[in-house]
Amino acid sequence: MKMKILFVPLVFLLFVFNVRSQEEESGRFQRLGISLSHANISSGLKDAENKWISLPAWGIDYDYWFNEKWGLGMHVDIIVEKFTVEENLGDDSVLERSFPIAPAIMGLHKFGRHHTLMFGAGVELEKEENLFLNRLGYEYGLEISEKWEVGFSLNYDFRWNAYDSYIIGIGVSRVFR
Numbered sequence: 005m006k007m008k009i010l011f012v013p014l015v016f017l018l019f020v021f022n023v024r025s026q027e028e029e030s031g032r033f034q035r036l037g038i039s040l041s042h043a044n045i046s047s048g049l050k051d052a053e054n055k056w057i058s059l060p061a062w063g064i065d066y067d068y069w070f071n072e073k074w075g076l077g078m079h080v081d082i083i084v085e086k087f088t089v090e091e092n093l094g095d096d097s098v099l100e101r102s103f104p105i106a107p108a109i110m111g112l113h114k115f116g117r118h119h120t121l122m123f124g125a126g127v128e129l130e131k132e133e134n135l136f137l138n139r140l141g142y143e144y145g146l147e148i149s150e151k152w153e154v155g156f157s158l159n160y161d162f163r164w165n166a167y168d169s170y171i172i173g174i175g176v177s178r179v180f181r
């Protein structure tokens, strides 16, 4: 099952690298970024009590922009802790997660000079159970130079029949034109 899930991101990356040579004539560009963030979960469990938990996370993002307004990306969030959550099923089910990795294919739409809306779907990979998710996000980006950007992001992940989280982060990206 995990090999099938990893197949989709690999095909996506092969497609993007294949069209790299066409970018200069058409205004297309690529962006690779890394971010430091926190995943916030309202249904976390600590000491057998339901509590908000905030967990450290990393983000690795690859975006392929077709033009200045529209793009497609592969955004991967990695929570770097073990944690326990109460599932959204209403039957007091508990779900233990251990360093989950959540890749998602994202549609990107830039409006204004600094604002980007993101929407997509993916899967949270973890040794016990994989979870399907939808992700909605917003990024405020500032150009440092022609090749470098700093971005502040807010993402909301809805994991079907499991738990929800929102992720706040700051990142640095390298732009390849």
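For the sequence shown, counting from 1, position 159 maps to 163 in the working numbering; every step adds exactly one. Don't be surprised by glycine CBs; every beta carbon is placed ideally from N, CA and C.
Closest to G111 by CA distance: which of F103, N71, E133, R117 is it?
N71
Inter-residue Cα distance where the pair is Q34 and R163
Distance between the alpha carbons of Q34 and R163 is about 28 Å.
In or out: V84 buried (at least 16 other Cβ within 10 Å) or exposed?
exposed
Which term fits R101, buried or exposed, when burial requires 16 or more other beta carbons within 10 angstroms of its beta carbon?
A residue is called buried when at least 16 other Cβ atoms come within 10 angstroms of its Cβ; R101 meets this threshold and is buried.
Measuring alpha carbon to alpha carbon, tell me which residue in Y160, F115, D161, V154 is nearest G75.
F115
Please state whether DSSP places N44 in a helix, a strand or coil.
strand
CA-CA distance, D51 and L40?
27 Å
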